[in-house]
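Worksheet: the structure to be examined is printed underneath.
There are 2 protein chains.
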Amino acid sequence: MLPYKSLIQVDRNASVSLHIQVCNMFISLITSGTLQPADILPGSRVLAQLIGINRNTVKLAYEELVSQGWAESVERKGVFVLSKLPVLSRPAVPEPGKNNPHHEAFTWTNKFENAWITKGPEKEMLTIDGGFPDVRLTPVDLLMREYRSLSRRLYGKNYLKYGSSKGSENLRTAICSYLSHTRGLSVPVENIVITKGSQMGIYLATQLLINPGDSVAVGLSNYVLADDTFRYAGANLVRIPVDTYGMDIDHLETILQYRSIKAVYIIPHHHYPTTVTMSTERRLKLLKLATEYRFAIIEDDYDFDFHYNNKPYLPLASIDHNQNVIYIGSVTKTFAPALRIGFMTGPSAFVNAAAALRELIDKQGDTVLEEAFAVLFNNGEMERYFRKSLKIYRQRRNLLCQILQSDFSNDITFNVPEGGLAVWANFNEQIDLVKLAEDAAKKRLQIDDGSFYKNESYAVNGIRMGFASLDENETIKALELLKKVLH
Amino acid sequence: MLPYKSLIQVDRNASVSLHIQVCNMFISLITSGTLQPADILPGSRVLAQLIGINRNTVKLAYEELVSQGWAESVERKGVFVLSKLPVLSRPAVPEPGKNNPHHEAFTWTNKFENAWITKGPEKEMLTIDGGFPDVRLTPVDLLMREYRSLSRRLYGKNYLKYGSSKGSENLRTAICSYLSHTRGLSVPVENIVITKGSQMGIYLATQLLINPGDSVAVGLSNYVLADDTFRYAGANLVRIPVDTYGMDIDHLETILQYRSIKAVYIIPHHHYPTTVTMSTERRLKLLKLATEYRFAIIEDDYDFDFHYNNKPYLPLASIDHNQNVIYIGSVTKTFAPALRIGFMTGPSAFVNAAAALRELIDKQGDTVLEEAFAVLFNNGEMERYFRKSLKIYRQRRNLLCQILQSDFSNDITFNVPEGGLAVWANFNEQIDLVKLAEDAAKKRLQIDDGSFYKNESYAVNGIRMGFASLDENETIKALELLKKVLH
C-alpha cells in the first residue's frame, strides 16, 4: 500500500470541505501516475484511521471520485481507479536548447523576448519621472465620489452590465464638446471611441492600418512604445529627422516620391521625447502630402492640455478637411496614469472597425469610470483642474529650468519647453547615464537611465526630466541629489 | 472684402477667450481656402466694429495668428496671410465605389465590416440575457468603498502612477491563493497576468500562439468572440463535434493524425453555448494528446465559480503536469460585466510575453480597481458573495427549469445545467427566433434572436436563457410574456 499517511494530508481550517480535499489529493495521485488505472484504493476504514478523519468523510470522497469519473466502485471488492482512464505521460518538458528555446510543451514564437515591461515604480523614492502629472493635484477624490455614487445609484442598472464597445455615450458627448471648445475640432459623437489611454488608440489604429511589410514614417527620435506597436504589426519603420520645427516634412516628401508610406505617426504638440512643436507650415504641408499620397496621419496629441506660452496650436485634425487624420488623445496623461481613459477619432467606418476590434481585445471599458469622468467634464471640474494645474505646472517648469540653467549648465543643455510636463535634457557626452541612474538610486533618487529614448538609429545621451509631479521642495531636493551624484 | 460679419461670430459665454475664438476662425478661413496665402486681413478697427468686439481683442487675435505662423505683420501695410503657406487642396474625398469601398482619404482594409458590435442593453426592459450575474447581489458597494478609500489613502502614492503590466501584485497573490483553494491549481505569482475580463486572456493567448495559416481546434458550437479572435489572427478553425460529454476528443485525435493543430480552445466547465461539462476521461485524453502533438490547450474557465450539483471538476490546468495548458479565468463574469477583471496563467515565458503585449495594447489595467478586488478576496467578501449567490442562483435555475418543463415542453427542449448561469434552450424548428425576439420586444421583453450562437457550420435554433439576473417575480413575468408571444 502507498504511504497514504504522508500522501494525504488535510487542512481542517481550509474553506474547502474535507472530503473534497481528500478527493482532490486522489486525483493528483492518479494524474501524476502514482496511482495507475485499475489500482485499488485503500478501504475507507483503513484510510480514515491512517489520516485521522471520519470514515464517512472518506466514503464521501470516494463517491465524489466516482461521480467525477476517476474511479469505479465494485460491489464487495472495493473502489478502483477507472481502468479505461488514459495514462498521462510523466512530465516530459524538453530541455531548453537550440531547437526549443522556450522549452515549453507547445510551440510558439516569442516576439517579446527582449521587450520593455514596466514594473511598478519604486516605493518611497524621490523620482524625476518622464513627465507625469502630479496625482496630488487631480480631483481624484471627486472622481471616486462620483464613481461610488454612480455605482450605488445604478446598482442593478444597466451601467454595470455590458455596454457599447465604443464607450459611454455620455463621456463621448462630453469629449465632443470639450474637443470643440478647446481646439475647434468638430466630430460627431459616433466618430469617437473611448480607449484605455492613448496607448490603446495607437494599438487600434495600427492594427487597422498596417499589414506586414507596410511602411510607417516616424520621428528619428520617437515614443518607443509606438515604434514597438508598429513593429508588432509587421511594419517597417521609416525614420524622418526631427528638428526644432518638428518632423522634417520636406525629407518625408523626398521619400514619398519613391516609397509607399501607409501612415505617418506624429506627436506635433509636443514631440516625444524632445518636446518640440511642429510649425504651422509643416502641419499644412503634411496634410497636403497626405491628400496627395493617400496616407493616414496618426496624430498623437496626448499633451494638448498643457501649454504655457500661447494658446496651443490647433491639432492637424482640426484643419483636416480631407479626413486623413486619426486623432488620439488622453485623459490619463493629464489626470492619473492608473485611471486609463483616452479617445480616438477618425472617419466613421474606421472608428466602427476600431470598436469591433476592441470587442475582441477586452469587450469594453470600465463603464462606471467612464460615466464618472463624464460627470466631471459636464460639471466643469475637469476644466477647473486644468486651469489650476496649468498655473502650478508653469511655476514648476520655470523652477526646474532656472536650476538647470544656473547649476547644471556644464552638464546639461536644454530648451525651455512651451508645453507638456517635461524638459528634454541632453547630458554632456562624458556622463554615463546608466551609471548616473545607478548612483542616484543609491542616494534614493530615481532617474531614467536614458535607454527608453534611444532606438536603432538614435543614440542620444538625454532623458526627459518631468517637472510636474514634484513640488517646489521636492524639485530642489531632487536636483541637489542629482548635483551630488554628478560631481 | 469677405462678409466677415457672418463669417466671424463669437460666443461671449464660451470658456475660450474671445481673441482665441477670432484667431481660430481665421485659421479655419485659411485652411478652407476662403483666405489665400498673401491675402490681407481686415484692419483691426474695421473688424472690431463689424463683429462688435473691442479693437484690442482683434489685435490680440492677429498677434496670435502671427505667433502661430499663420500670418505676418508688415509695418504700415497690415496683417497678411503668410505667403509661403502650402495651399490645402479642397476636400477631395473620393466617391464610394468598387475600388474604394470605404471612401476614406487613406487606404486600409476593413476586416470588420460585418463585425459584431455590442450596443448597450435597452434601458428599462425586462431581459432574458445569455447568462449574466445579478449585479444587485454583488458587493459592488463594498468594492466601491474600498476603491474610494484606497484612492484616498494612496492619493499621490504609487498606485495612481504607472504600475506593472502584469497587474497588481496583491491581486495576483490573492488569485493564486483562491485558485489553490478552490481548484487545487498551484501557480507562482509571476505566472499570472491580470487581464480585462476573460476576453483579453483569449486575445493575448491567440496573438502569442497563432501565426496566419495556423489551425485552431474549436467546438462545432463555440463562443463566437473566441472564433472571431482566432480568425482575426489569421487562424483556420477546425470544428470538432461537441456531445453531452463535451468536445469529442477521439474525433480530434483522428484529425491530429494528418493535420497540425497549434491550439485547442475548450470551455470544459461548461461549454458555451450548450453548458455541457467535459468528462474526466476526455480531459485526460486531451492532455495526453497535447503532450504527444505539442499543442497548447486554451482552457477558458470563466464559469468555474457557479456549480450546483457536485463540487466542480478540477480544471485541466490543475492536472496538467506538462504545462500545455493556458488557463483563463474571470472575475467579471461572476461579479459585474462592467468591472472588467480576469486573469491568465501559463508557462512563465508565455506570461511574460503576454504582459509585454499588454503593454502595447493599453499599458496596464486599472491598478486601484485591482487593489480593491484584492482587498475583497483577502477579507473573505468574495467567498461570502460566491456562497450566497450560489444558493440563490440554484433556486433561480430550478424555477426557470420547472416553468420551462411545465409550460414550454412543446416549444423548448433543454437539459438542466449542472452549473453556470444559463439554460441552453433548443426551440422547436417551427419557431422563428428572429421574429420571436421582435415580437417580444414589442411586449417590452428583451430576448436573444439566436444569431449569436450560430456559425458557418452550426445552424441551431436555440438560445441561452440566463436565470441568474432575474429574481423570482421577474422570471415568472418574463416567461409569461414569452408564452404570450409564442402562442
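Chains as they are written, first to last, in the numbering used here: chain D, 1 to 487; chain Z, 488 to 974.
Even glycine gets a Cβ: it sits at the ideal position worked out from N, Cα and C.
Bear in mind the structure is a predicted one, so any value in this text is a computation, not a measurement.
Take residue i and list the residues in its own chain whose beta-carbon comes closer than 6 Å to its own, dropping the five residues that flank it on each side.
{"i": "Ser-180/D", "result": "Ser-186"}
{"i": "Gly-584/Z", "result": "Confidence at Gly-584/Z is low in this model, with a pLDDT of 44, below 50, so the placement of that residue is unreliable and no value is reported for it."}
{"i": "Gly-688/Z", "result": "Thr-682, Ile-815, Gly-829 and Met-831"}
Counting only Cβ pairs nearer than 7 Å, list the residues of chain Z close to residue i.
{"i": "Asp-39/D", "result": "Going along chain Z, no residue has its Cβ under 7 Å from Asp-39/D, so there is no contact; the nearest lies around 15 Å."}
{"i": "Leu-357/D", "result": "Phe-599"}
Can you check which of these residues, the options, is closest to residue i by C-alpha distance?
{"i": "Ile-785/Z", "options": "Leu-505/Z, Lys-683/Z, Ala-861/Z and Ile-815/Z", "result": "Ile-815/Z"}
{"i": "Leu-88/D", "options": "Val-66/D, Ser-28/D, Ser-165/D and Ile-431/D", "result": "Ser-28/D"}
{"i": "Met-344/D", "options": "Thr-138/D, Arg-45/D, Trp-70/D and Thr-195/D", "result": "Thr-195/D"}
{"i": "Val-545/Z", "options": "Thr-767/Z, Gln-508/Z, Pro-799/Z and Asn-865/Z", "result": "Gln-508/Z"}
{"i": "Ser-519/Z", "options": "Lys-288/D, Gln-402/D and Gly-130/D", "result": "Lys-288/D"}
{"i": "Tyr-313/D", "options": "Asp-134/D, Gly-420/D and Leu-357/D", "result": "Gly-420/D"}
{"i": "Ile-813/Z", "options": "Ile-828/Z, Gln-889/Z, Pro-573/Z and Val-838/Z", "result": "Val-838/Z"}
{"i": "Asp-790/Z", "options": "Val-947/Z, Asn-500/Z and Thr-669/Z", "result": "Thr-669/Z"}
{"i": "Lys-878/Z", "options": "Arg-845/Z, Cys-888/Z and His-794/Z", "result": "His-794/Z"}
{"i": "Asp-432/D", "options": "Thr-138/D, Ile-447/D, Ala-422/D and Asp-243/D", "result": "Ile-447/D"}
{"i": "Ile-266/D", "options": "Phe-295/D, Ser-260/D and Arg-259/D", "result": "Phe-295/D"}
{"i": "Pro-824/Z", "options": "Lys-930/Z, Gln-744/Z and Arg-623/Z", "result": "Arg-623/Z"}
{"i": "Asn-461/D", "options": "Ser-44/D, Thr-475/D, Ala-437/D and Glu-474/D", "result": "Ala-437/D"}
{"i": "His-270/D", "options": "Val-375/D, Asp-243/D and Glu-359/D", "result": "Asp-243/D"}
{"i": "Ile-30/D", "options": "Leu-494/Z, Thr-767/Z and Ala-722/Z", "result": "Thr-767/Z"}
Cutting at 8 Å between CB atoms, please list the residues of its own chain near residue i, excluding the five before and the five after it.
{"i": "Leu-932/Z", "result": "Met-612, Leu-613, Thr-614, Ile-615, Ala-965, Leu-968, Leu-969 and Val-972"}
{"i": "Ile-53/D", "result": "Val-10, Leu-18 and Val-22"}
{"i": "Asn-99/D", "result": "With a pLDDT of only 48 at Asn-99/D, under 50, the local geometry of the prediction cannot be trusted, and the value read off the model is given with reservation. No residues qualify anywhere along the chain."}
{"i": "Ser-835/Z", "result": "Pro-675, Glu-677 and Asn-678"}
Going by beta carbon distance, what residues of the same chain come within less than 7 Å of residue i, once the five residues before and after it are set aside?
{"i": "Thr-206/D", "result": "Thr-229, Phe-230 and Ala-233"}
{"i": "Ala-372/D", "result": "Leu-143, Glu-146, Tyr-147 and Leu-150"}
{"i": "Gly-131/D", "result": "Gly-420, Leu-421, Ala-422, Arg-464, Gly-466 and Ala-468"}
{"i": "Ser-260/D", "result": "Ser-215"}
Whose Cβ in chain D lies nearer than 7 Å to the Cβ of residue i?
{"i": "Asn-597/Z", "result": "Ala-349 and Ala-353"}
{"i": "Gly-684/Z", "result": "Asp-362 and Lys-363"}
On the DSSP bridge list, what partners appear for residue i?
{"i": "Met-465/D", "result": "Val-423/D"}
{"i": "Gln-933/Z", "result": "Thr-614/Z"}
{"i": "Ala-976/Z", "result": "Residue 976/Z falls outside the range modelled here, since chain Z spans only 488 to 974, and no answer is possible."}
{"i": "Asp-134/D", "result": "Bridge partners of Asp-134/D: none, in fact."}
{"i": "Ser-560/Z", "result": "Val-566/Z"}
{"i": "Asp-628/Z", "result": "In DSSP, Asp-628/Z forms no bridge with anything."}
{"i": "Val-729/Z", "result": "Met-734/Z"}
{"i": "Phe-830/Z", "result": "Ile-681/Z and Gly-816/Z"}
{"i": "Leu-237/D", "result": "Val-216/D"}
{"i": "Asn-839/Z", "result": "DSSP, once it has assigned bridges, lists no residue as partnering Asn-839/Z."}
{"i": "Ile-412/D", "result": "Phe-427/D"}
{"i": "Thr-764/Z", "result": "His-756/Z"}
I want to verify the contact list: residues of chain D whose CB lies under 8 Å from the CB of residue i, in sequence order.
{"i": "Tyr-634/Z", "result": "Met-144, Tyr-147 and Arg-148"}
{"i": "Asp-735/Z", "result": "The premise fails here: Asp-735/Z is roughly 15 Å from chain D at the closest Cβ pair, so nothing lies under 8 Å."}
{"i": "Pro-501/Z", "result": "The residue asked about is misnamed: residue 501/Z is Ala in this sequence, not Pro. Result: His-181."}
{"i": "Lys-941/Z", "result": "In chain order: nothing, as chain D lies at least about 18 Å away."}
What does residue i touch in chain Z if you count any residue whose Cβ is under 8 Å from its own?
{"i": "Met-344/D", "result": "By Cβ distance, chain Z contributes nothing, its closest Cβ being about 12 Å from Met-344/D, past 8 Å."}
{"i": "Tyr-308/D", "result": "Within chain Z, no residue comes near Tyr-308/D; the closest Cβ sits about 13 Å away, beyond 8 Å."}
{"i": "Gly-184/D", "result": "Asn-511, Ile-514 and Ser-515"}
{"i": "Pro-315/D", "result": "In chain order: nothing, as chain Z lies at least about 11 Å away."}
{"i": "Glu-383/D", "result": "Ser-502"}
{"i": "Val-368/D", "result": "Ala-825 and Leu-826"}
Under 9 Å between beta-carbons, which chain Z residues line up against residue i? List them in chain order, please.
{"i": "Asp-407/D", "result": "Within chain Z, no residue comes near Asp-407/D; the closest Cβ sits about 27 Å away, beyond 9 Å."}
{"i": "Glu-203/D", "result": "For the sequence presented, residue 203/D should be read as Tyr rather than Glu. Ordered by position in chain Z, the residues that pass the 9 Å Cβ test against Tyr-203/D are Leu-847, Ile-848 and Asp-849."}
When you measure from the CB of residue i to every non-hydrogen atom of the ligand PLP, does any distance come out below 8 Å?
{"i": "Phe-467/D", "result": "Questions concerning the ligand PLP fall outside what the structure shown contains, since it holds no ligand whatsoever."}
Which residues of chain D have a Cβ atom closer than 9 Å to the Cβ of residue i, listed in chain order?
{"i": "Glu-677/Z", "result": "Result: empty, since nearest Cβ-Cβ is about 12 Å, beyond 9 Å."}
{"i": "Leu-575/Z", "result": "Leu-284, Leu-287, Lys-288, Thr-291, Ile-319, Asp-320, His-321 and Asn-322"}
{"i": "Met-687/Z", "result": "Ile-361, Asp-362 and Lys-363"}
Quick one: which residues of the region 541-566 of chain Z get their C-beta closer than 8 Å to a C-beta of chain D? List them in chain order. So the list reads Glu-551, Ser-554, Gln-555, Gly-556 and Trp-557, given in the order they occur along the chain.
Name the residues in the region 699-727 of chain Z whose C-beta lies less than 7 Å from a C-beta of chain D; which are they? Leu-712, Asp-715, Thr-716 and Tyr-719
What are the residues in the region 270-291 of chain D lying within 8 Å of chain Z by C-beta distance? Ser-279, Thr-280, Glu-281, Leu-284, Lys-285, Leu-287, Lys-288, Ala-290 and Thr-291
Given a limit of 7 Å on CB to CB distance, which residues of the region 122-139 of chain D reach chain Z? Lys-123, Phe-132, Val-135 and Arg-136
Return the residues of the region 295-306 of chain D that lie within a Cβ-Cβ distance of less than 9 Å from chain Z, sorted by chain order. Phe-295, Ala-296 and Ile-297
By the 8 Å beta-carbon criterion, what residues does the region 327-340 of chain D contribute toward chain Z? Ala-336, Pro-337, Ala-338, Leu-339 and Arg-340
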